[in-house]
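Per our numbering, the sequence shown starts with residue 289, numbered consecutively. We put the CB at the ideal spot given by N, CA and C, even for glycine. All of these numbers come straight from a predicted model, not from anything done at the bench. A short worksheet on the structure shown next.
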Amino acid sequence: MDNYKSIAQLIDDIEKNILKINNLSHNNKFTKIDDLIGSLNDTFLSYPILIDAFHQFNVLKNKFTQVRTLDHNDLLKLKNLFEIIIDNLKINTTKQNYLYTFRNQIIDISIPQIVRKPYFNYQNLCHLRGIIEDIKTESDRLIITLYTISADGPFLDEIRVHLFDHSKNNLLYPDLTQYGSILETGQDIFIQNCTYLKEKEYYSTADTLMVLYPDYILDVRDVSDVHIFDNSYPHFIRLIPIYSIIRTFVNINNVQKIQSILIGNLLGEIFDTYVAYDRVEEAHLLTAYKDFIGKNIFELLYWYNNNTEGFNLSFLIQIIEDEYLPGLQLMLPSIKRDKSMILYLEPFYISNLYGLQGRMDALAFTEKGNSANIYELKSHKPKNKGYLYTKSHDAQLICYYLLFRSTYPEKKIFYKMAYPGAEERHLRSITFGENADERELMLIQEVLFARNNIVKAHLDYAKGDFSSLIRCMPKKSDTPSPNTISIFSNTETKLRDSQTFMYNDIIIMHNTLKAIADNKLLNAYFWGSVRFIYREMLSAKTGNPETTDIWESMIKESKWGYANIWKKSLNKKFNQYEVLGPLIFKSFTPDNHLIFSLDNDDLSISRLREDDIIILYPYDENKNSPLSQQLLKGYIIDINESKVKLSLANKFIPKKIFKAKSKWLAESDRWFHNYSYGIRNLFYLISNDNKKFINLFLGIDRPEFVDVNQSIVGLETLDDSQAKAIKQSLSANDYFLIQGPPGTGKTAKTLTTIAKNLYNNNVKTLIVAYTRRAVDEICNNLDKQSIPYLFLNKDLVKNQLNTANNLNDLDNILPDLNNNLNKNQIYVATLSFINSHITILDAIKPHTLIVDEATQILEYDLLAVLSNTKRWILIGDENQLPAVVLQNDKSSTDTMIFTCRYKSNELCPLSANIANEKCYNKDENNCKALKILNQIHLNDFSEPLFTRLKKNAIARDWSECYIMLRYHHRMHEEIARYPNELFYDKKLLSATERQKSVLSNSYHLPKILKDDREYNERVIFISTPISSELSTPTNPYEAKIVIELIKTLRSQFPQYSIGVITPYRSQIALIKSLLDKTINDITIDTVERYQGSERDIIIYSFAINNLEYLELSQSMNYDHSVDRKLNVSLTRARELLFLVGNAAILNSHPFVKQIINDLESRGLVINAK
């Protein structure tokens, strides 16, 4: 009976409150709920969501009348109906808040408060994630059909979600029907805070949030810093998502812009110093200045060399001291007043709920940890004293709010905006004024809509649809002005500062694209490369550029990219050797590095190694995701059996969080930074006024050569092909290509001799390579030849910073650096360093560029440095390791022909017809505009510039601009026979007698193989069973045989060095775990790390248990005539080569099969049991 009374009372209370709200909102006065329901067709026809809700309510009421009870699901549905009805009855109401709260003993909190509070944990709200199967637009709503996703994989139940325009109820509520402009079938969508009425039918609420591809992470800066003021907008600012993309293209060096950035960075260092120390001494400030210089040295140098007033570093420091330091000192007591608070400087978070990541300036938790203050530092100076804060910072605050709530859903958050440059009120607590909850919700919707638009644009560009970019440009027939740019108001008469920056960048972009429009080859190259880069970005973040394969990318762990951090379970990470740990904290070093010990030998074996970039987080067996806490970034300094030494990017991490014996985990930081550099570099190409450079780069113009008047030194110790390569390189006026197969001395002999002659002739030369290991080898060879050079790196002024004692010493750093750069002729650096500090080219002004490992570098990575040099010498081997490309081979070659998505040719930059008639680049809905690139032998954007220019030269019979080094000095002929015949058309020649000699002594195989024969042969294949774990790239049988081979060969050939190569880091970890700890002179590594290295004996463990991993282990060239990874693996050995793998699977490999068949015919295939 009590149960009946409780439910009856609940229904009665709901009816009374519905009537009360309705009578407040409308002229109609209803006294009975039945009368209200009966009037629906007349009164509420424009609100069909109410019709469904009231009818469902009536069904439940009648059910209760008949059976005198309701089950739990019905009660929950009743609560949902109340929410929906109240939301939709508030139209035109004059009251802002409704505080109708019901408690019922059957339901814990049966009806939550009706006040709109974003992310309040309503029990009746639910979250939906799925793949969009269908989209329908009706007069009052958008209906999307989803295939839902479970944690265990997809199930194919369809659900429908009705998205409404809630702004009809309140202008600060969202119009979710606007998502019709960006939603498409096949997309991954996460819809939060929905409610339902009946099975498989869900309705949006005013709190509903939409997140497109939540695993596709954007940085907060990409979303928040793209605003303009708009007085017609409810909150006076409007986010312009497309500007986030335009800004990536038009990243032009500007002295004033760089000065503003430098002031902000210096202010950040000073802020961190004042917050970190209770008492700031001059020494602390000097350290802050030094840190600032070290982090910004090349941007400072560009600013120093190009500002017309001749300002030095002291000028920037004076600005801080005069304009910001007084305000900073006044606000500090408020920030540091609570000594019990834990204050984090620059904490970093990732949210896979909202697809965002970012670094806050400061975050302070109360002692109990139930609330926190976000502090955001701004160098901006609010002009209007009446403003609490600058409205343009709304979006950034909201992004941080989302990151915080995603990580700490139960904690309260307060905003603090720091304006040390303001005249007053330097630290301001931020609220959103009247109707704060609704305004905050509106801003959340605005930020997420901007974020989703940017993601949609990235996805479109990956598909070859650039209409969002073209749409915001002036039309070809229009004169560029604010009135002809769609993102600005047609009535705009004067642009504000933020609009001016945006307008100028758009005009630069527009004029540049207009200038290349008639150059079909360059136009196709540009847009095809943009498409390729965005496909790479998509692969790096979520693992799959093919959105039609979205199910596969969600289920298949090998295709998760950056999302692997939170999508893969901790157990699987341990099992696949992807984490290092648990690590037990031991101590800090004097230079603030962290020392850990390894908790468990079995768990501590990891793929990670020295110099790897990592994220670090506390180990909690009960927490599966690292995203439930702050993430620390850094890199591994040293790792061995006794300790792990880490360096953190943030030196102000509170030491109290590293408690004695606390446990931590480290895993690889998979974030990729170079794609924005690639986009910027492409803009260097299309904005270059030098037509000769563009034609040389594309391969249209034949490179020129001149007679070398100076004598060439160092030829006497070289073979014929090396000597010819050097002569041609030095006589090249434009570019020269040197193919250096394994062991031919392309670096030690050829590159070094070229550099020596350039130095002798006072030619400014920049030498770059893809990897740090290759750069170290270049430097080592230059040292051996006593060739002076300057190694460009972030520590270039480290010694001066260490010895500087005052501001005068600091002021000398930039002029001294100029002198140091000017007095050198040869500069060496990694290409990634040059791309991330591109302004250094302005200071060194190199004439000649030498690129080692040129076949490991994609074209767009070279464009900026190529455009700043006069001559290029590219050295590499297209048959060895290629550039790292994440999209699979099929998808990269498919970038040449793709589905056309344009409805209007006017929006297609590749369209061959501007009259909006049928585009003759289009064939059965496929765009073939990129086929024009076949003219310059560009068949695949994943191929390096070296390969394309060489193919182009061969086809055009430009034989003078390339050469192949033919004499190899490494492999014995028995070993060299396989790569020579398979990959080099038998063109390689042995350079020494050693390579033709007989093995000095015979040897035995390990007893485990039960083969007692003596062997003199130099190549043997050992066939093993496949692993029982078919889905992992590890094989314990192979690992055991590798260990036994090491033991046996060490005893029989003590004079020989031994190395182990395997394609996968997990197999490396497994082999290392079995290796005797006293054996420390054997390198076990991947083929990528072995390129450029050699050993007397190489053991190659294939570790392939199925055909999928066989395909993944390959690196075929464009016509599948070379497996480049296999070639490198075979060519590392000088004397002996042992191949270990499953013969049955490897016989599916076209080249390994030939090797196995040849060895088998000679009795050199051993079957391990």
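Three-state secondary structure (DSSP) of G552: In the structure shown, G552 falls within a helical segment according to DSSP collapsed to helix, strand and coil.
Alpha-carbon spacing of T382 relative to S512, whole angstroms: Annotation note: pLDDT 33 at T382 (below 50); position unreliable, no value reported.
I540 classed as buried or exposed, judged by whether at least 16 other C-beta atoms fall within 10 angstroms: I540 comes out exposed.
Cβ pair count under 8 Å reaching 3, the segment 911 to 925 against the segment 818 to 827: Taking 8 Å as the limit for Cβ pairs, the verdict is that the segment 818 to 827 does not touch the segment 911 to 925.
Span separating the alpha-carbon of N976 from that of I1220: Each residue's alpha carbon lies about 21 Å from the other.
Boundaries (first-last residue) of the beta strand (DSSP E) holding I1372: Where I1372 is concerned, the enclosing beta strand (DSSP E) stretches over 1371 to 1373.
Start and end residues, beta strand (DSSP E) containing K1298: Boundaries cannot be given for K1298, as no beta strand (DSSP E) includes it and DSSP labels it neither H nor E.
Inter-residue spacing [alpha-carbon to alpha-carbon] between L500 and F478: Take the alpha-carbon of L500 and the one of F478: they are about 6 Å apart.
Where L1395 falls, given that 16 or more other Cβ within 10 Å makes a residue buried: If you draw a 10 Å sphere on the C-beta of L1395, you find fewer than 16 other C-beta atoms in it, and that means exposed.
Rounded straight-line distance, which links the Cα of L1195 to that of R759: Near 6 Å, if we compare the C-alpha coordinates of L1195 and R759.
CB-CB length for I630 against A652, believed under 8 Å: Indeed they touch by this definition, with Cβ atoms about 7 Å apart.
Between the CA atoms of N1087 and S950 - distance to the nearest angstrom: S950 and N1087 have their C-alpha atoms roughly 36 Å apart.
Anticipated Cβ contact below 8 Å, P502 with G643, distance rounded: Their Cβ separation, rounded to whole angstroms, is 5 Å, which keeps P502 and G643 in contact under 8 Å.
E734, DSSP secondary structure in three states: DSSP places E734 in helix when its eight states are reduced to three.
Expected contact under 8 Å - CB spacing of Y1378 and V1416 to nearest Å: In this structure Y1378 is in contact with V1416, their Cβ atoms being roughly 7 Å apart against a cut-off of 8 Å.
Per-residue burial, R625 [other beta carbons within 10 Å of its own, 16 or more giving buried]: Result: exposed.
Assumed close pair G1164, Q1027 - CB separation to whole angstroms, cut-off 8 Å: Here G1164 really is in contact with Q1027; their C-beta atoms are around 7 Å apart, less than 8 Å.
Boundaries of the alpha helix (DSSP H) in which Y1397 is found, first to last residue: Note, Y1397: alpha helix (DSSP H), 1395 to 1400.
Through-space distance from P1351 to E1423, alpha-carbon basis: Near 21 Å, if we compare the C-alpha coordinates of P1351 and E1423.
Simplified DSSP state of C1249, which is helix, strand or coil: In the three-state scheme derived from DSSP, where H, G and I count as helix and E and B as strand, C1249 is classed as helix.
Exposure of R356, with buried meaning 16 or more beta-carbon neighbours within 10 Å: Around the CB of R356, fewer than 16 other CB atoms lie within 10 Å, so the residue is classed as exposed.
Beta carbon of I941 nearer than 8 Å to that of T800: One thing to note: I941 has its Cβ no nearer than 8 Å to the Cβ of T800.
The beta strand (DSSP E) enclosing R417, as first and last residue numbers: R417 -> beta strand (DSSP E) spans 414 to 425.
Segments assigned alpha helix (DSSP H), at least 4 residues, entirely inside the segment 1257 to 1284: Runs of the alpha helix (DSSP H) inside the segment 1257 to 1284: 1261 to 1271.
DSSP state of T483 mapped onto helix, strand, coil: Of the three classes helix, strand and coil, the one that applies to T483 here is strand, per DSSP.
is_contact[E426, chain C] using C-beta, thresh 8 Å: Protein chain content of the structure displayed is limited to a single chain, and chain C is not contained in it.
Cβ shell of Q998 (< 7 Å), same chain only, five flanking positions each side left out: Result list for Q998: N1049, in chain order.
Which listed residue (L1337, P1438, E1317, Y1344) has its alpha carbon closest to that of N1393: Here the closest residue by C-alpha is E1317.
A851 versus R958, K944, F692, residue with shortest Cα-Cα distance: Of the candidates R958, K944, F692, the one whose C-alpha sits nearest the C-alpha of A851 is R958.
Residue burial classification, K265 (beta-carbon count within 10 angstroms, cutoff 16): Coverage of the chain is limited to positions 289 through 1457, which leaves residue 265 absent and any answer about it impossible.
CB contact flag (T1320, S1288, <8 Å): In this structure, S1288 does not lie closer than 8 Å to T1320 by Cβ.
Under the three-state DSSP convention, the category G657 falls into: Residue state for G657 is assigned as coil, using DSSP reduced to three classes.
Identity of the residues DSSP links to W1160 by a beta bridge: DSSP output for W1160 lists Y1023, L1137 as bridge partner(s).
Buried or exposed (CB count within 10 angstroms, at least 16 for buried), T483: For T483, the number of other beta carbons within 10 angstroms of its own is at least 16, and it is reported as buried.
T654 beta carbon less than 8 Å from that of V916: Sequence check: residue 916 is Ser here, not Val. Cβ atoms of S916 and T654: not closer than 8 Å.
Contact check, I420 vs K349, beta carbons under 8 Å: Contact annotation: I420 and K349 have beta-carbon atoms that are not nearer than 8 Å.
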